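In C-alpha cells form, the structure reads like this:
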C-alpha cells in the first residue's frame, strides 16, 4: 500500500495568518494516464470529509480561493492563504493513483 | 447534483455480518470508469478505503480485509451494498460511501454523510 505521511499533525494558527500542510507519498503518484491523483479533504467536527482540491491543484466547486494545492511526484502541499474560523478541522491528503486508495493521518488545524 | 446516503444497522454483535446500503442519485453506475466505494473511519482515527465497484461490475477490495468484504450493485435501484463478515469491536467506525468519477473526467471524490456502526455484545 502507498503510505501517505502528513506534517505537521497539529497546526495552531492565528486568524488571518497563512497555514501550510505537507503530504509525502511512499511512491510516485503519477498514474499511467499522466495525471497525479492527489486530493485534499477537510473534515470539520462531526461532519463527513469534504473535497477541497483534486489532481494536486484543482479547487472543487465552491471552495474558497484561499485554499491552494501544489506539488508533484511524491511531495505535495496544501496552503491556506489567510485562515478563517470556519477552517478549523482535520485535513487529509489522499491518493487514488494506486489501489488500495490511501489517506494521510490527518492534520488538525486549530486557532491559537 | 450527486448525492449519496448510507444506511444500515447502528449496532451489530461480534461475529455477525454487517450489511450496509449506499443509495445514490445524480449519476448512473453503468458507465465505463465511474465507481462507488466504501470507506470507514474509527472514532478519532484516520480514513481507510475498503472496497470499490465499477459500472462494468469490476470490483476491488482492500487486501487486508478482502476475505471479509463483498461489494455489489443494483443499477436499477441506484444502490451499492457492502457486506462485512465476522464483525469485531475494532470494526466500530463511521462508514462512508463515495462516488469516484471516471479518470477521463475526474473531478474528485464526493462523499455521503456516513453511518455509524458500533460492534458490541
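Chains as they are written, first to last, in the numbering used here: chain A, 1 to 112; chain V, 1001 to 1121.
For each residue, glycine too, the CB sits at the ideal point set by N, CA and C.
Quick caveat: nothing in here was measured; it's all calculated off a predicted structure.
Exposure label - residue i; buried when at least 16 CB within 10 Å
{"i": "residue 96/A", "result": "buried"}
{"i": "residue 1006/V", "result": "buried"}
{"i": "residue 3/A", "result": "exposed"}
{"i": "residue 1145/V", "result": "For chain V, the structure presents residues 1001 to 1121; residue 1145/V sits outside this window and is missing."}
{"i": "residue 1077/V", "result": "exposed"}
{"i": "residue 1058/V", "result": "exposed"}
{"i": "residue 85/A", "result": "exposed"}
{"i": "residue 1105/V", "result": "exposed"}
{"i": "residue 7/A", "result": "exposed"}
{"i": "residue 1015/V", "result": "exposed"}
{"i": "residue 1062/V", "result": "buried"}
{"i": "residue 1011/V", "result": "exposed"}
{"i": "residue 100/A", "result": "buried"}
{"i": "residue 65/A", "result": "exposed"}
{"i": "residue 18/A", "result": "exposed"}
{"i": "residue 87/A", "result": "buried"}
Test: residue i CB closer than 8 Å to a CB of chain A
{"i": "residue 1106/V", "result": "yes"}
{"i": "residue 1062/V", "result": "yes"}
{"i": "residue 1001/V", "result": "no"}
{"i": "residue 1068/V", "result": "no"}
{"i": "residue 1112/V", "result": "yes"}
{"i": "residue 1053/V", "result": "no"}
{"i": "residue 1096/V", "result": "yes"}
{"i": "residue 1109/V", "result": "yes"}
{"i": "residue 1049/V", "result": "yes"}
{"i": "residue 1046/V", "result": "yes"}
{"i": "residue 1116/V", "result": "no"}
{"i": "residue 1040/V", "result": "no"}
Neighbour flag for residue i against chain V, beta carbons, 8 Å
{"i": "residue 8/A", "result": "no"}
{"i": "residue 102/A", "result": "yes"}
{"i": "residue 39/A", "result": "yes"}
{"i": "residue 64/A", "result": "no"}
{"i": "residue 79/A", "result": "no"}
{"i": "residue 54/A", "result": "yes"}
{"i": "residue 91/A", "result": "no"}
{"i": "residue 2/A", "result": "no"}
{"i": "residue 171/A", "result": "There is simply no residue 171/A to check, as chain A begins at 1 and stops at 112 in what is shown."}
{"i": "residue 106/A", "result": "yes"}
{"i": "residue 96/A", "result": "yes"}
Proximity of residue i and residue j at Cβ, strictly below 8 Å
{"i": "residue 57/A", "j": "residue 94/A", "result": "no"}
{"i": "residue 1038/V", "j": "residue 1082/V", "result": "yes"}
{"i": "residue 109/A", "j": "residue 92/A", "result": "no"}
{"i": "residue 1097/V", "j": "residue 1036/V", "result": "yes"}
{"i": "residue 83/A", "j": "residue 15/A", "result": "yes"}
{"i": "residue 12/A", "j": "residue 112/A", "result": "yes"}
{"i": "residue 1103/V", "j": "residue 33/A", "result": "yes"}
{"i": "residue 1017/V", "j": "residue 1085/V", "result": "yes"}
{"i": "residue 1/A", "j": "residue 102/A", "result": "yes"}
{"i": "residue 1041/V", "j": "residue 1094/V", "result": "yes"}
{"i": "residue 1075/V", "j": "residue 1030/V", "result": "yes"}
{"i": "residue 104/A", "j": "residue 43/A", "result": "no"}
{"i": "residue 1008/V", "j": "residue 1117/V", "result": "yes"}
Would the region 43–57 of chain A and the region 76–91 of chain A be scored as touching if the rule is three or more Cβ pairs under 8 Å? As far as the Cβ criterion goes, the region 43–57 of chain A touches the region 76–91 of chain A, which means the pair count is three or higher.
Is there contact here, the region 1067–1082 of chain V with the region 1044–1059 of chain V, by at least three beta-carbon pairs under 8 Å? In short, these stretches touch, since the Cβ pair count reaches three.
At least three beta-carbon pairs within less than 8 Å, the region 1077–1089 of chain V to the region 1109–1121 of chain V: Below 8 Å, enough C-beta pairs join the region 1077–1089 of chain V and the region 1109–1121 of chain V to call them touching: three or more.
Should the region 61–77 of chain A be called in touch with the region 17–28 of chain A, which here means at least 3 C-beta pairs below 8 Å? Yes: at least three Cβ pairs fall under 8 Å.
Is there contact between the region 1097–1114 of chain V and the region 1015–1029 of chain V, where contact requires at least three CB pairs shorter than 8 Å? Using a C-beta cut-off of 8 Å, the region 1097–1114 of chain V makes contact with the region 1015–1029 of chain V, since at least three inter-stretch Cβ pairs fall below that distance.
Would you mind listing the beta strand (DSSP E) stretches within the region 65–91 of chain A that are 3+ residues and don't spill past its ends, in chain order? Look at the region 65–91 of chain A and you find these whole runs of beta strand (DSSP E), each 3 residues long or longer: 67–72 and 75–80.
Taking only runs of the beta strand (DSSP E) that begin and end inside the region 1048–1116 of chain V, which ones reach a length of at least 3 residues, in chain order? Qualifying beta strand (DSSP E) stretches, in chain order: 1048–1054, 1059–1061, 1069–1074, 1079–1084 and 1093–1100.
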